[in-house]
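Numbering (our numbering), first residue to last: 514 to 710.
Taking it in order: structure first as structure tokens, then the write-up.
Below, the structure is given as structure tokens:
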């Protein structure tokens, strides 16, 4: 999509995913710093006045949001089907997949996660830091996403204080907005970018 429009692209795997190394995943907490390092590398390569944007999907979208709160060097962020808070997401998944209440399971899992990764689930909450963001942000979410509910993007959009837009893709499941509605998706994305640059 971006390549077809003449953009240079850097794609990467989060730590502990794909070809990247790492002992564990922190659901965006440390990954936001990895992304900040990548932005630094890109700006050194192409020049500090270049237009650099972030486009993340699912956990990558939540990482992009958290990154935007700590690094304002990028010109835009596109967050496709993010979670608003990891505890909110896990509560939903526990109910859907196992039909069990979050308490005490989530608390126990959270304790083990903190021991293993050093990160509390309470710190993995894009919605808590969204008001700090100054980078324009486009939220995208499939209106039929039952993995990460669309209310996540709606709530994030409402909490965002800077320039923002939201697109709820009709009939799209989790991470399928672009394939369900490709023409509309691309139009929304590039119209958003055009209003910034």
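Using N, Cα and C, we set each Cβ at its ideal position, and we do this for glycine too.
Exercise for the section: Determine the DSSP secondary structure at residue 643, reduced to helix, strand or coil. Expected result: helix
Problem - N- and C-terminal bounds of the alpha helix (DSSP H) containing residue 623 - result: 618-630
Handout entry: residue 548, buried or exposed, once every other Cβ within 10 Å from all chains shown has been counted against 16
Key = Using a 10 angstroms sphere on the CB of residue 548, the tally of other CB atoms reaches 16 or more, which defines it as buried.
Problem - Beta-carbon spacing of residue 583, residue 592 below 7 Å - result: no
Exercise for the section: From the DSSP output, in three-state form, read off residue 604 for me. Expected result: helix
Problem - Opening and closing residue of the beta strand (DSSP E) in which residue 540 lies - result: Residue 540 -> no beta strand (DSSP E), and no H or E assigned at all.
Practice task
Compute the Euclidean distance between the alpha carbons of residue 534 and residue 524, then round it to the nearest angstrom.
Solution key: 15 Å
Problem - Buried/exposed call for residue 514, threshold 16 Cβ in 10 Å - result: exposed
Exercise for the section: Could you check if residue 698 is buried or exposed, using at least 16 other CB atoms within 10 Å of its CB as the buried criterion? Expected result: buried
Problem - Which of helix, strand or coil DSSP assigns to residue 676 - result: coil
Handout entry: Strand pairing of residue 681, partner residues [DSSP]
Key = 654
Practice task
Look up residue 589 in the DSSP assignment and give the residues it is bridged to.
Solution key: 566
Handout entry: Where residue 709 falls, given that 16 or more other Cβ within 10 Å makes a residue buried
Key = exposed
Practice task
Taking only the alpha-carbon atoms, compute the straight-line gap between residue 614 and residue 621 and give it to the nearest angstrom.
Solution key: 13 Å
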